[in-house]
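>
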Amino acid sequence: MSNLYGNEALAYMAGAVITKVNGMEQGSEYVEFLTDKGTLVLVHNQDCCEEVSVEDVVGDPSSLIGARVLEFREDTKVDDGETYGIGIWTFYNLVTDKEDCTIRWYGNSNGYYSVNVDAYFYLNATAAEYFRLMSSWP
0 MSNLYGNEAL AYMAGAVITK VNGMEQGSEY VEFLTDKGTL VLVHNQDCCE
50 EVSVEDVVGD PSSLIGARVL EFREDTKVDD GETYGIGIWT FYNLVTDKED
100 CTIRWYGNSN GYYSVNVDAY FYLNATAAEY FRLMSSWP
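Residue numbering for the sequence shown follows numbering that gives the first Met the number 0, starting at 0 and increasing by one per position.
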């Protein structure tokens with residue numbers, strides 16, 4: 000099996016046990032879940048004229064350690080109040096056997112650049128190694 004992207008990456012998280020969480024804080028540009036099945040990364044690859052980051056987290060990220068994932072889904076909502084370009088809220092809803100958690104991202108741009116958050120699941124390499132090779136984040 001190769002690495003997974005988008006909804007396939009989120010669906011593959013079902014049954015995984017979370018061993019470590021990084022980036023679940025306001026202003027973060029990535030969130031990383033290390034699990035017994037591999038590593039899930041939520042990230043937006045920044046370009047020129049957009050800003051995308053975690054706006055807030057509902058739930059305690061530390062309580063997710065050792066939790067088994069029951070469901071992981073993405074919901075989006077267009078920000079009708081955005082006065083410049085486009086704005087999109089992206090919600091990642093994580094349901095586990097211990098605690099539920101929602102990660103709320105906000106992205107805005109001039110309308111030409113994407114503000115989508117991407118989900119990648121890496122089966123064999125840690126996300127940190129991959130992204131450091133790609134020079135996308137520290």
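For every residue, glycine included, the Cβ atom is placed at its ideal position computed from N, Cα and C.
Quantities reported herein were computed from a predicted structural model and do not represent experimental measurements.
My output table needs one value for N6: the three-state DSSP class, helix, strand or coil.
helix
> CA-CA distance, F71 and G14?
10 Å
> Would you call G110 buried or exposed, if buried means 16 or more other Cβ atoms sit within 10 Å of its Cβ?
exposed
> Measuring alpha carbon to alpha carbon, tell me which of I85, S61, V42 and C48 ends up nearest V20.
S61
> Give the DSSP bridge partners of K76, in chain order.
W88
> For the beta strand (DSSP E) containing I102, list its first residue and its last residue.
C100 to S108
> Taking the straight line between their C-alpha atoms, what separation do you get for I87 and V77?
Going by the C-alpha atoms only, they are around 5 Å apart.
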